[in-house]
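To convert, note that position 162 of the sequence shown is 162 in UniProt numbering; the numbers rise steadily by one, no gaps. Using N, Cα and C, we set each Cβ at its ideal position, and we do this for glycine too. Model, not experiment: these values are computed from the prediction. Data block below; observations after.
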Amino acid sequence: MTDLTFAVVTVSTTCYDDPIRDHSGPALIKYMADKSNNTVQWIHLASTVVPDNQTHVKETLLKLSDELYPHLILTTGGTGISPDDVTPEATREVITREIPGMSQTMVAKSLAITPMAMISRPVCGIYQKTLIINLPGSVKGCVECLDFVYPILRHAIDLIQNKRAEVAITHSAMQGKTTRKHHSCGGDHHHHVGPVNKGERLRQSPYPMISVDDAMKIIFEQANKMPIIDKPLTECLNYICTEEVVAKEPFPPFRASVKDGYAVHLYSDQSHEQIYEIIGRSDAGGENNNTPLDEGQCVVINTGAKLPDSANAVIQIEDTQVHEYHATKINGLNEKSIRINTVCSINQDIRYTHSN
């Protein structure tokens with residue numbers, strides 16, 4: 001699951017004088033919360049209401065970006081053509097790169113609903129690594145316009161954050177929806193996406209392989225240099241402690257899997273054919289199942305899940321293939337047995353109690 005953070009700024013002198021009248025800000029927060037699922041979790045960092053003042057709006061956007069580092073800032077209000085509507089001007093003072101296509105999409109799709117969209121002036125753009133989007137001030141308008149651009153938000157954020165692997169996967173998925181035909185002097189070339197494995201779970205990583213040096217370079221390029229400040233404990237939510245904290249209880253409190261794959265009880269005879277019967281599963285955060293395993297048996301396991309006491313190794317799914325299937329799914333699994341395609345050693349990929 002990917003965690004993405006956002007903040008909301010309501011631009012309205014009326015709501016600034018009486019914050020209880022702000023309904024658009026809460027509507028945007030609810031919209032984003034409803035969009036959280038098993039692949040993306042939207043985390044609300046902050047909300048604020050500011051008056052229709054260009055300097056105030058500009059300083060608020062800078063403060064939120066520089067202190068909280070959100071992936072996304074949504075503003076609502078101040079995008080019209082009255083003298084008080086200054087959100088677009090303030091936003092242009094902050095952003096270093098504008099994204100006109102997002103603004104144009106909101107206006108174009110809004111015109112199909114109301115002619116009032118002709119006098120809306122939203123601005124969308126990038127400041128450092130934060131995407132800033134101007135939305136209308138009404139509850140209906142701001143939610144509708146956010147819904148128009150939401151399908152591209154995650155990909156846009158991946159691009160801004162320079163997440164090359166995620167961007168490559170999105171591009172590959174988009175290109176894989178149709179067969180592409182290229183014309184050149186050498187002839188035509190057709191590219192097809194291969195079928196999904198019968199086992200229903202990926203056994204080859206969809207992410208491109210890069211060197212450790214390239215990976216470290218990406219990490220250091222994306223890491224923010226954050227200042228160290230002193231704050232009372234009651235104000236420390238969403239901050240990161242700079243000093244080591246020692247847990248009173250062991251963590252993890254049990255032997256846990258380092259990989260997605262299978263917790264196995266290895267054959268004592270290494271020359272034995274490496275086929276293992278699947279007799280259960282262990283999910284992170286699930287029931288504390290302790291399935292007894294004999295030699296040649298295993299359970300499906302995911303990262304962080306508890307190992308059965310009799311398991312003595314974890315084999316990642318990439319190093320296996322399905323050997324036999326059930327006629328019908330049993331306990332949600334259609335895999336009956338697997339074959340291990342590489343050497344697996346005792347204690348492999350096990351994170352031990354209190355190892356953290």
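- If you keep only unbroken alpha helix (DSSP H) runs of at least 4 residues inside the segment 59-115, you get 87-94 and 100-111.
- By the C-beta density criterion, residue 286 is exposed, having fewer than 16 other C-beta atoms within 10 angstroms.
- The beta carbon of residue 221 lies closer than 8 Å to those of 162 in the same chain, with the five residues before and after it left out.
- Around the C-beta of residue 1, fewer than 16 other C-beta atoms lie within 10 Å, and the residue is accordingly described as exposed.
- Counting C-beta pairs closer than 8 Å gives fewer than three between the segment 98-117 and the segment 34-47, which falls short of the contact rule.
- In the structure shown, the three-state DSSP call for residue 24 is helix.
- Using a 10 angstroms sphere on the CB of residue 130, the tally of other CB atoms reaches 16 or more, which defines it as buried.
- Residue 158: member of the alpha helix (DSSP H) spanning 139-160, first to last residue.
- Looking at the DSSP output, residue 220 sits in no beta bridge, so it has no partner there.
- Of all C-beta pairs linking the segment 134-153 to the segment 113-124, three or more are shorter than 8 Å, placing the two stretches in contact.
- In this structure, the CA atom of residue 20 is about 28 Å from the CA atom of residue 239.
- Between residue 260 and residue 320, the C-beta gap is not smaller than 8 Å, which leaves the two residues out of contact.
- By the CB criterion at 8 Å, residue 262 and residue 330 fall outside the cutoff.
- In this structure the segment 59-70 touches the segment 5-25; the number of beta carbon pairs closer than 8 Å is three or more.
- Here DSSP, grouped into helix, strand and coil, assigns residue 9 to strand.
- For residue 72, same chain residues with a beta-carbon under 6 Å away, outside a window of 5 residues either side, are 6 and 131 in chain order.
- For the pair residue 137 and residue 257, the CB atoms are not nearer than the 8 Å cut-off.
- Nearest neighbour of residue 139 by Cα position, chosen from 351, 249 and 30, turns out to be 30.
- Residue pairing from DSSP places residue 277 in a beta bridge opposite 297 and 337.
- Sixteen is the threshold: since fewer than 16 other Cβ atoms of the shown chains lie within 10 Å of the Cβ of residue 236, the residue is exposed.
- Counted as a single uninterrupted DSSP element, the beta strand (DSSP E) harbouring residue 44 occupies residues 40-50.
- Relative to the Cα of residue 26, the nearest Cα in the group 74, 68, 13 and 94 belongs to 74.
- Between residue 90 and residue 64, the C-beta spacing is not below 8 Å.
- Taking C-beta atoms under 8 Å as the contact rule, residue 282 and residue 299 qualify, at a distance of about 5 Å.
- Residue 266 carries a coil assignment under DSSP once its states are collapsed to helix, strand and coil.
- Residue 134 is bridged by DSSP to 75.
- For residue 56, the secondary structure class from DSSP, reduced to helix, strand or coil, is helix.
- Contact between residue 335 and residue 322 holds, with the beta-carbon distance rounding to 5 Å and staying under 8 Å.
- Residue burial is scored here from C-beta neighbours: residue 34 has fewer than 16 other C-beta atoms within 10 angstroms and is therefore classed as exposed.
- Residue 332 and residue 345 have their C-alpha atoms some 28 Å from each other.
- For residue 321, the uninterrupted beta strand (DSSP E) run begins and ends at 320-330, by DSSP.
- Around the C-beta of residue 312, 16 or more other C-beta atoms lie within 10 Å, and the residue is accordingly described as buried.
- Residues of the same chain with a CB within less than 7 Å of the CB of residue 168, apart from the 5 flanking positions on each side, are 208 in chain order.
- In this structure, DSSP gives residue 31 a helical state, which the three-state scheme calls helix.
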